[in-house]
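**Student:** Numbering (UniProt numbering), first residue to last: 1 to 329.
1) Using alpha carbons as the reference points, say which of 128, 167 and 182 lies closest to residue 191.
2) Could you work out which residue in 81, 206 and 85 is closest to residue 218 when comparing CA atoms only?
3) List, from N- to C-terminal side, the beta strand (DSSP E) runs of 3 residues or more that fit wholly inside the region 277 to 316.
4) Identify which residue in 278, 144, 231 and 171 has its Cα closest to the Cα of residue 93.
5) Could you check which residue in 317, 301 and 285 has the C-alpha nearest to that of residue 135?
6) Could you spell out where the beta strand (DSSP E) holding residue 122 opens and where it closes?
7) Determine the burial state of residue 151: buried for a count of at least 16 other Cβ atoms within 10 Å of its Cβ, exposed for fewer.
8) Using 8 Å as the cut-off, can you tell me whether the region 293 to 306 makes contact with the region 227 to 239, which would need three or more C-beta pairs spanning the two stretches below that distance?
9) Any idea which residues DSSP pairs residue 260 with across the strands?
10) Please work out which residues of its chain come closer than 7 Å, Cβ to Cβ, to residue 277, disregarding the five sequence neighbours upstream and downstream, and give them in chain order.
11) Using the C-alpha atoms, what's the distance from residue 253 back to residue 39?
12) Output the distance between the C-alpha atoms of residue 282 and residue 119, rounded to the nearest integer angstrom.
13) Are residue 180 and residue 141 close, meaning C-beta to C-beta below 8 Å?
14) Do you know offhand how far residue 81's Cα is from residue 226's?
15) Can you say whether residue 21 is buried or exposed, counting buried as having 16 or more other CB atoms within 10 angstroms of its CB?
16) Would you say residue 138 and residue 26 are within 8 Å of each other, going by their C-beta atoms?
17) Which residues does DSSP pair with residue 225 in a beta bridge?
18) What three-state label does DSSP hand residue 58 in the structure shown?
19) Helix, strand or coil: how does DSSP classify residue 220 here?
20) With a 10 Å radius around its C-beta and 16 neighbouring C-beta atoms as the bar for buried, classify residue 306 as buried or exposed.
21) Can you tell me the Cα-Cα spacing of residue 316 and residue 265, whole angstroms?
22) Using CA atoms only, rank isn't needed, just tell me which of 201, 62 and 98 is closest to residue 147.
23) By a C-beta neighbour count over all protein chains shown, 10 Å radius and 16 as the cutoff for buried, is residue 79 buried or exposed?
24) Does residue 53 come out as helix, strand or coil in the three-state DSSP assignment?
25) Go to residue 195, then tell me how far its beta strand (DSSP E) extends in each direction, as first and last residue.
26) Can you tell me which of the three DSSP states residue 8 falls into?
27) Is DSSP giving residue 158 helix, strand or coil here?
28) Measuring only the C-alpha atoms, how far is residue 280 from residue 298?
29) Rank 314, 230, 214 and 267 by C-alpha distance to the C-alpha of residue 257 and give the top, closest one.
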């Protein structure tokens, strides 16, 4: 029978800022073992529930996206798959979203937002109802997931934890929630699994560079699978919808989207995001900073069309169900 293991955020030797296959494992587990993690947030807990916008210029991006691990999984060999099952994900009582200073250059429109801002979220008061309040009249569903989930690279050396890779890493995929399964292609003996960067909610794209960042308690099952050569990058499986989830989706209020059209996919994405920000300012009366942060935690960037050259179409869409009261409805 596989054992359970715990990884504490208070032990600094359990935290690393680079993927490196030379890192010494903090635990060795058998396939099928459960590992619980007490995780720092994606900003290395530099912001707390009492932080203000005055603290943002002091943010050190070099400490960003800390990963907890690595975990050596017995039986994992190059060519195998590491199956990662997300059993439980629990946020802290608070979270944060920031527009980081332009000098850091973080976010899809970082060059257009040279200032800084910070939103501290209350993740406790309405936890039972499943949402948090952006501002009165705007509710954001809480859907916890981990931004950083990955294993060691095949090549020697250090690799930043900030980008995503074929071995996982900072994949920031909001669909890999509790009940989901992630499949990662093993490149080194033992896989060397690490995770971190808890999010309470995020839009596809994480457009301002931050989601609702929060410390997270996570319980994960790690299993080795063989004979799946088609998994050459992270693949994932989401859980089946419950009747309640289907009912909620069907009764949704639709979405509002802005299309960005350009011969460059990145520029098309920037245009789409600008369009949604302009709509939120003009139609809903939000400030420019509020609009940028709201888009990052609730709006989805989607490739609407990619084959009709020379231009691409990207949609930045926002579910209207987040608007629950005056003056927004």
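Yeah, the Cβ is synthetic: ideal placement off N, Cα and C, and Gly gets one too.
**Tutor:** In short:
1) 167
2) 85
3) Counting only unbroken stretches of 3 or more residues, the beta strand (DSSP E) elements lying wholly within the region 277 to 316 are 300 to 305, in sequence order.
4) For residue 93, the nearest C-alpha among the options comes from 144.
5) 285
6) 117 to 122
7) buried
8) no
9) 314
10) 288, 291, 292 and 295
11) 35 Å
12) Each residue's alpha carbon lies about 21 Å from the other.
13) no
14) 6 Å
15) Answer is buried; the Cβ neighbour count reaches 16.
16) no
17) According to DSSP, residue 225 bridges with 81.
18) helix
19) strand
20) exposed
21) 13 Å
22) Closest option to residue 147, judged by alpha-carbon separation, among 201, 62 and 98: 201.
23) exposed
24) helix
25) 193 to 199
26) coil
27) coil
28) Between residue 280 and residue 298, the C-alpha separation is close to 12 Å.
29) 314
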